[in-house]
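Enquirer: Protein chains in written order, with the working numbering: chain A, 1 to 254; chain B, 1001 to 1254.
Protein chains: 2
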Amino acid sequence: MVVAVELEADRSGSQTVRAQLAIRDLVLTGTLTPGERISELSMVARIGVSRTPVRAALLRLADEGLLEPLRSGGFAIKAFTDREVLESIEIRGVLEGLAARLAAERGVALTAIAPLRRCLAELDEVVGETGASVEVFSEYVALNARFHALLVELADSRPLERQIERAITLPFASPSAFVMAQSTMPEARRILTIAQDHHRCVLDAIEQREGSRAESLMREHSRLASRNLALALRSQSTFDLVPGSALIRTGSIA
Amino acid sequence: MVVAVELEADRSGSQTVRAQLAIRDLVLTGTLTPGERISELSMVARIGVSRTPVRAALLRLADEGLLEPLRSGGFAIKAFTDREVLESIEIRGVLEGLAARLAAERGVALTAIAPLRRCLAELDEVVGETGASVEVFSEYVALNARFHALLVELADSRPLERQIERAITLPFASPSAFVMAQSTMPEARRILTIAQDHHRCVLDAIEQREGSRAESLMREHSRLASRNLALALRSQSTFDLVPGSALIRTGSIA
DNA sequence: CTCCGTATTCCTGTATACAAAGGGAATACG
DNA sequence: CGTATTCCCTTTGTATACAGGAATACGGAG
């Protein structure tokens, strides 16, 4: 009866985080369909830990926004409209804009901005690559994520870090959510070039303490993601490349 | 041994929310001092529920940001610097600014804005009161909270609602956090007048679909809270009036 | 054939038992 | 006298047992 497929050495310290990771994967990969109720026992059977950590994991995922509490108790997998995805991206943009502005207004030491410059240079290399292979794009994803993380650090604000971390927990709201989807599109290279220019200009703005400019740039930068969402929605195969796409229910695509 | 003082009819549906409310109160009132570790058993003794709901409550409060997880397990009461308080207010301002802008850009029906107008009128009455009694201010607090809540609703964005709700969970970041502290200050009436004008102008901006103006106004509006914080820090007795002040450790005030 | 009442079954919320790990204090050794 | 070590106690993480309640399925009646 109990088919424990997921025994693959999830040697994460605690049972709770193991459960959290496992369930999150189940949700994100679409194994569990949106709207479906999640019973604790089924998770116990699947993951192989007791109800207590499963329960903790569900609670955690509900705060993250992947699940929604049911009034009769328990949780269901949340479904997102494309509009909500857009709004989530906008929120991220606004918060990252605040981060950039704070960094600019307060001023940052050159030693603090150096890692950003290095990251920028590495991104330049990746964008400069002639071949548009999948490897190139996944390398871009990694570097891009690091760039954004470093930028938030630059603001040096714990509360803001927390809030942004929360905002990008929704996988389709993260800075690199649509990059992989881009990889299949003809305009891919152009978009990457523009995004990279945003990165460069933001660093310049921060260095020269142009707070307002830094903020506007980050907002506009997030708009690239919005545009990519629209592009990705054109075909199912492209759409499937964005993380957490299983949670998004659109009118046009089944 | 077990002195269950808090038996005062906390008839909240579940034990978990009861524990959550009780512990939050303990933290906010300063009964538990910042930095102090919270042991589950001590909460069990105090509140009178078992470890399971206490544990759930602690987890919840940690996500809310009132507690911070310890690497050795368990939680400690988080302490906030005045700078972090300022940043939290700034975050709220930015998010409420986004809400106002979204409402303005999308356009709202007059039926939707009517409750805001009514709330505005009621606020006018309160601000117009001649006596500056405590009752007046606490009435202002209630109406002000409602106004801000309605404004967020106007944006009609679930993700944004969630994010803002999270932002104002920190009690000193809520829109009315410093109003009661104001009540003891001579410039109180003037500040209320200005705040109320912000409210009025934001509604006008939204009605006329002036997104950028609506956003700027809400940001500036939140700056009133920042200024009030600076004012409130001048004396201990004033400072004590702000909710959650026990969590804030400042250089100047013990 | 359909609708309603009832009983059963599953599920969550809560409490408790158990084990491992961390912290602290006392003691022994250098 | 200072330092390191060891032991004990406290605390958390995890598992399980129990009770109340909701959803469902089944059976009977109209």
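Every residue, glycine too, gets a C-beta built ideally from N, C-alpha and C.
Taking a contact to mean a Cβ-Cβ separation below 8 angstroms, would you say A79(A) touches G35(A) in this structure?
Expert: yes
Enquirer: Determine the DSSP secondary structure at T1016(B), reduced to helix, strand or coil.
Expert: helix
Enquirer: Using three-state DSSP, classify F80(A) as helix, strand or coil.
Expert: strand
Enquirer: Below 7 angstroms on C-beta distance, what does S157(A) contact in chain B?
Expert: Chain B residues near S157(A): E1087.
Enquirer: Could you check whether L1028(B) and P1171(B) sit closer than 8 angstroms to each other, using their CB atoms as the reference points?
Expert: yes
Enquirer: Go through its chain and collect everything with a Cβ distance to L123(A)'s Cβ below 8 angstroms, but skip five positions before and after it.
Expert: Cβ neighbours of L123(A) beyond the five flanking positions: Y140, L143, N144, F147, Q196 and H199.
Enquirer: When you compare the CB positions of E1183(B) and F1137(B), do they come within less than 8 angstroms of one another, or not?
Expert: Looking at the sequence provided, one finds Ser at residue 1183(B) rather than Glu. Yes, the pair counts as a contact, with Cβ atoms nearer than the cut-off.
Enquirer: Given that E1090(B) touches chain A, what residues does it touch there, using C-beta distances under 9 angstroms?
Expert: L98, L102, S157, P159 and L160
Enquirer: Checking contacts by CB at 8 angstroms: is R1106(B) closer than that to chain A?
Expert: no
Enquirer: Does the beta carbon of G1244(B) come closer than 8 angstroms to any beta carbon on chain A?
Expert: Residue-level contact by beta carbon fails for G1244(B) and chain A, as no gap is shorter than 8 angstroms.
Enquirer: Can you pull the chain B neighbours of E84(A), defined as C-beta to C-beta under 8 angstroms?
Expert: Chain B residues near E84(A): S1157, R1158 and P1159.
Enquirer: Closer than 8 angstroms, CB to CB, is M1(A) near chain B or not?
Expert: Summary for M1(A): the model assigns pLDDT 37, below 50, so the residue's position carries little reliability; its value from the coordinates is reported in the next sentence. Output row for M1(A): interface = no.
Enquirer: For R55(A), count neighbouring Cβ atoms within 10 angstroms of its own Cβ and tell me buried if that reaches 16, exposed if not.
Expert: buried
Enquirer: Among S212(A), T130(A), L150(A) and A22(A), which has the Cα closest to the Cα of V44(A)?
Expert: A22(A)
Enquirer: Would you please verify whether the beta carbon of G1013(B) is less than 8 angstroms from any beta carbon of chain A?
Expert: no
Enquirer: For the stretch 1162-1179 of chain B, which residues have a CB atom closer than 7 angstroms to at least one CB atom of chain A, in sequence order?
Expert: R1162, Q1163, R1166 and A1167
Enquirer: Across which residues does DSSP place E1068(B) in a beta bridge pair?
Expert: Bridge pairing for E1068(B): A1076(B) [DSSP].
Enquirer: Along chain B, which residues have their Cβ under 7 angstroms away from the Cβ of A56(A)?
Expert: Below the 7 angstroms Cβ cutoff, chain B contributes L1059 as neighbours of A56(A), in chain order.
Enquirer: Would you say the stretch 94-111 of chain A touches the stretch 53-71 of chain A, given that touching needs at least three Cβ pairs under 8 angstroms?
Expert: No: the two stretches stay apart, fewer than three of their Cβ pairs being nearer than 8 angstroms.
Enquirer: Report yes or no: do the stretch 1214-1228 of chain B and the stretch 1093-1107 of chain B share at least 3 C-beta pairs separated by less than 8 angstroms?
Expert: yes
Enquirer: So if I threshold CB-CB distances at 8 angstroms, which residues from the stretch 65-78 of chain A count as touching chain B?
Expert: Residues passing the 8 angstroms Cβ filter: G65.
Enquirer: To the nearest angstrom, report how far apart I253(A) and E165(A) are at their CA atoms.
Expert: Caution is warranted here: a pLDDT of 48 is assigned to I253(A), below 50, making its placement in the model unreliable, and no coordinate value can be reported.
Enquirer: Within this structure, are the beta carbons of G65(A) and T169(A) separated by less than 8 angstroms?
Expert: It is a contact, given that the beta carbons lie within the stated cut-off.
Enquirer: According to DSSP, simplified to helix, strand and coil, what is I168(A)?
Expert: Correct three-state label for I168(A): coil.
Enquirer: Roughly how far, in whole angstroms, is the beta-carbon of V1255(B) from the beta-carbon of A1230(B), given that I think they are within contact range, below 8 angstroms?
Expert: Here chain B covers residues 1001 to 1254 and nothing more, so residue 1255(B) does not appear.
Enquirer: Assuming A1062(B) contacts T1016(B) under a Cβ cut-off of 8 angstroms, what Cβ separation, rounded to an integer in Å, is found between them?
Expert: Actually they do not touch by this definition, with Cβ atoms about 14 angstroms apart.
Enquirer: Just to check my reading of the structure: A155(A) and S88(A) have Cβ atoms closer than 8 angstroms, yes? What is that Cβ distance to the nearest angstrom?
Expert: So it is not a contact: roughly 20 angstroms between Cβ atoms.
Enquirer: Take the Cβ of E1258(B) as the centre, count every other Cβ of all protein chains shown within 10 Å, and call the residue buried at 16 or more, exposed below.
Expert: Lying outside 1001 to 1254, the shown extent of chain B, residue 1258(B) is not represented and no answer is given.
Enquirer: Hey, how far is the Cα of G93(A) from the Cα of S1176(B)?
Expert: 26 angstroms
Enquirer: So what's R37(A) in DSSP terms, helix, strand or just coil?
Expert: strand
Enquirer: So, helix, strand or coil for R234(A), using DSSP?
Expert: Looking at R234(A) - three-state DSSP - the assignment turns out to be coil, as it is neither helix nor strand.
Enquirer: Please name the residue, chosen from R1223(B), S1237(B), S1222(B) and A1103(B), that lies closest to V1152(B) on a Cα-to-Cα basis.
Expert: A1103(B)
Enquirer: Can you give me the C-alpha to C-alpha distance between I1077(B) and V49(A), rounded to a whole angstrom?
Expert: 30 angstroms
Enquirer: Could you pull out every residue in the same chain whose Cβ sits closer than 6 angstroms to the Cβ of E105(A), ignoring the five residues on either side in sequence?
Expert: G211
Enquirer: Taking all protein chains shown into account, do 16 or more other C-beta atoms lie within 10 angstroms of the C-beta of L1203(B), making it buried, or fewer, making it exposed?
Expert: buried
Enquirer: With a threshold of 8 angstroms between beta-carbons, can V1049(B) be considered close to chain A, or not?
Expert: No, V1049(B) does not count as interfacial toward chain A.
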